[in-house]
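Taken in order, the sequence shown gives residues 1 to 474; the numbers are from the UniProt record's numbering.
Just so you know, even glycine gets a beta-carbon here, dropped at the ideal spot from N, CA and C.
Down below is the structure, laid out as structure tokens.
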Amino acid sequence: MNKTVETFDPKQTTTLETPAKTLAAEAKASDGTIQGNRIGFVSLGCPKNLVDSERILTQLRIDGYEVTNSYDNADLVIVNTCGFIDAAVEESLDAVREALEENGKVIVTGCLGAKENQIREVHPDVLEITGPHSYEAVLNHVHKYVPKPEHNPFTSLIPQTGVKLTPKHYAYLKISEGCDNRCTFCIIPALRGDLDSRGVGSVLDEAKRLVESGVQEILVVSQDTSAYGKDKDGRTDFWNGMPVKQDITSLARQLGKMGAWVRLHYVYPYPWVDDLIPLMAEGLILPYLDLPLQHASPRVLKMMKRPGRVDRQLDAIKKWREICPDLVIRSTFIVGFPGETEEDFEMLLDFLREARLDRVGCFKYSEVDGAVANTLAELISEEVKEDRYERFMAVQAEISAERLARLVGRELDILIDDVDEEGAIGRSYADAPEIDGMVFINGETELTPGDMVRARIVASDEHDLWAELVALED
């Protein structure tokens, strides 16, 4: 928009910058001649929220609306919010405030929309409020305030993939909604409900359309990816006339046959995650595992209602790396959980040193409104949380630098995301967009986003890699 909403540091959260960049580019390309049916859109939160935004935007385009990147030109503004932690709630409320000040006609949707009273208390002038994945309700509200334009097939053509807020060469594929876990620090089930898996045929159809449109990397997301299909009671679905089991391993195997990178996010550490590792070793899906472990102290994990056998997790990581030596493991942890002692925290640091995880994010515990964890034990002071956060990141920085240094001298496929006057910026199999590191190929200004190139890694630091193109033999 004319005034952008300040986002989180992408090294620490999954809040995305891509939607703002994409909409800005679209606005710049517009000649500004269409009037009366313009919808402004602000998308906040995680990749799962981004997919919700894409679905709403797709239907808006199908209905004939134009999406604009200017508050001044918009007839209505939709703000898709995040409500997971206090900082995200504050960011969302600030975005709503800005939209009201700059435009005045605002519809709120997304996770924070599930707390209508909280929004109304701060912003009573919001027109309508809906919760997450309420696509039809959002469109009905839009129709109410900005009448649906007359359909023009010459200006309303929509690509078969729908509207995407990511670059053309990668896309998020959401395979389910909700979650059956009841982690005490999380309110996602209250916001998005229990696990509701999409049919595997529908998921594979969407993936095929994405690949056929030029997508080279599919990022599989959900609240609990490894639980996919557990709500289907073992029922088999069909795709391309063949039966396909509705579980994450079967889905991953089919996705891996489509010729694109397949990257798995939010993989809860269930025992059957073991079945995914051979697919990575075979090259069917990327050897990359986003495994949110949250802590390593059995006492804290019990309070969190998370799996508590750290020794088993260490054994699993060792076994996975034996099967797939190239495996990259990303995880997230919480420091300063209510009742966390110095001994608990030291156990977490010991786990980091032994597990040698490749990519790690750390969050200071946030008192999310409605989370059970707030009442379990004495809250940790902000000073202690900050101290533990800094010590945690210092330990992990050394580990990350060591893990990345192992790649120096190797040749890797690099997917190019951006090109500027200094060269190309891409990612290897070890890097998810906007949350992991980057690969810099200095001087290569003739490449374009979406190119897949072969490069030799020549240098590394705590987060990123530097590479040189490898000349291909005739």
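Work out the CA separation of glutamate 91 and threonine 7 for me, nearest whole Å. With a pLDDT of only 38 at threonine 7, under 50, the local geometry of the prediction cannot be trusted, and the value read off the model is given with reservation. Between threonine 7 and glutamate 91, the C-alpha separation is close to 8 Å.
Out of Trp239, Tyr266, Val203, Val200, which has the shortest C-alpha to C-alpha gap to valine 221? Distances from the CA of valine 221 to each of Trp239, Tyr266, Val203, Val200 were compared; the closest alpha carbon is that of Tyr266.
Roughly how many angstroms lie between the CA atoms of glutamate 136 and alanine 74, to the nearest whole one? Their backbone Cα atoms lie some 21 Å apart in a straight line.
From the DSSP output, read off the bridge partner residues of asparagine 442. The partner list for asparagine 442 (beta bridge, DSSP) reads Gly423.
Does the Cβ-Cβ distance between arginine 456 and glutamate 468 come in under 8 Å? A contact, by the Cβ cut-off of 8 Å.
Whole angstroms is fine: what's the gap from cysteine 82's alpha carbon to phenylalanine 351's? Whole-angstrom Cα-Cα distance: 31 Å.
Does the Cβ-Cβ distance between valine 96 and valine 126 come in under 8 Å? Yes, these two residues count as a Cβ contact at 8 Å.
Looking only at its own chain, which residues have a Cβ that is under 6 Å from the Cβ of arginine 410, when we skip the five neighbours before and after it? Excluding sequence neighbours, arginine 410 sits near Ile457.
Can you list the beta strand (DSSP E) stretches of 3 or more residues lying completely in the region 293-371, in chain order? 328-335, 359-364, all fully within the region 293-371.
Quick check: the Cα distance between glutamate 54 and valine 77, rounded to an integer number of angstroms? Distance between the alpha carbons of glutamate 54 and valine 77 is about 15 Å.
Suppose the cutoff is 6 Å on Cβ atoms and the five residues either side in sequence are ignored; what does the same chain contact list for alanine 373 look like? Cβ within range, chain order: Thr184, Phe185, Pro338.
Contact between the region 346-366 and the region 395-407 (3+ Cβ pairs under 8 Å): Result yes; three or more Cβ-Cβ pairs closer than 8 Å.
Since tyrosine 268 and asparagine 181 are thought to touch, with beta carbons under 8 Å apart, how far apart are those beta carbons, to the nearest angstrom? About 7 Å; that satisfies the 8 Å criterion.
Suppose contacts are defined by Cβ-Cβ distances below 8 Å. Is valine 335 in contact with phenylalanine 345 by that definition? Cβ atoms of valine 335 and phenylalanine 345: closer than 8 Å.
Figure out for me which residue from Ala432, Val408, Arg235, Phe440 has the closest Cα to the Cα of aspartate 420. Residue Phe440 is the option with its Cα nearest to aspartate 420.
Near lysine 232, what residues of its chain come up, given a Cβ to Cβ distance below 7 Å and the 5 sequence neighbours on each side ignored? Ser197, Gln246.
Assumed close pair valine 310, glutamate 340 - CB separation to whole angstroms, cut-off 8 Å: Between the beta-carbon of valine 310 and that of glutamate 340 there is about 15 Å, and that puts the pair past the 8 Å contact cut.
Is isoleucine 119 closer than 8 Å to valine 142 when the C-beta atoms are compared? Not closer than 8 Å, so no.
Tell me whether the beta-carbon of isoleucine 85 lies closer than 8 Å to the beta-carbon of serine 297. At least 8 Å separates the beta-carbon of isoleucine 85 from that of serine 297.
Where glutamate 212 falls: helix, strand or coil (DSSP): Glutamate 212: helix per DSSP, three-state reduction.
Is glutamate 378 helix, strand or coil when you go by DSSP? Correct three-state label for glutamate 378: coil.
Apart from the five residues on each side of it in sequence, which residues of its chain come closer than 6 Å, Cβ to Cβ, to glutamate 102? If we look at glutamate 102 and ignore the five residues flanking it on each side, its Cβ neighbours are Tyr71.
If the criterion is Cβ atoms closer than 8 Å, does the pair proline 278 and arginine 192 meet it? Note that the C-beta distance between proline 278 and arginine 192 is not below 8 Å.
Run through DSSP, which three-state label would aspartate 274 get? Assigned with DSSP and collapsed to three states, aspartate 274 falls in helix.
Per-residue burial, valine 470 [other beta carbons within 10 Å of its own, 16 or more giving buried]: It is exposed - the Cβ of valine 470 has fewer than 16 other Cβ atoms within 10 Å.
Give the C-beta separation of glutamine 216 and tryptophan 261 to the nearest angstrom, bearing in mind that I take them to be a contact with Cβ-Cβ under 8 Å. The beta carbons of glutamine 216 and tryptophan 261 sit about 6 Å from each other, so the pair counts as a contact at 8 Å.
Can you give the Cα-Cα distance for serine 331 and tyrosine 288, rounded to whole angstroms? Rounded to whole angstroms, serine 331 to tyrosine 288 spans 11 Å at the Cα level.
Since threonine 81 is in the beta strand (DSSP E), which residue starts that stretch and which ends it? DSSP places threonine 81 inside the beta strand (DSSP E), whose first and last residues are 76-81.
Do alanine 281 and isoleucine 323 have their beta-carbon atoms positioned less than 8 Å apart in this structure? Yes. Within cutoff.
Counting C-beta neighbours from all protein chains within 10 Å, is the total for lysine 115 16 or more, i.e. buried, or is it exposed? When all chains shown are included, lysine 115 counts as buried.
Which of the three DSSP states, helix, strand or coil, is assigned to residue 475? Absent from the structure is residue 475, since the part of the chain shown begins at 1 and ends at 474.
Cβ neighbour criterion (16 or more within 10 Å) applied to methionine 242: So methionine 242 ends up on the exposed side.
Which word fits proline 153, buried or exposed, when buried means at least 16 other C-beta atoms lie within 10 angstroms of its C-beta? At proline 153 the pLDDT is 48, less than 50, meaning the model places this residue with poor confidence and gives no usable figure here.
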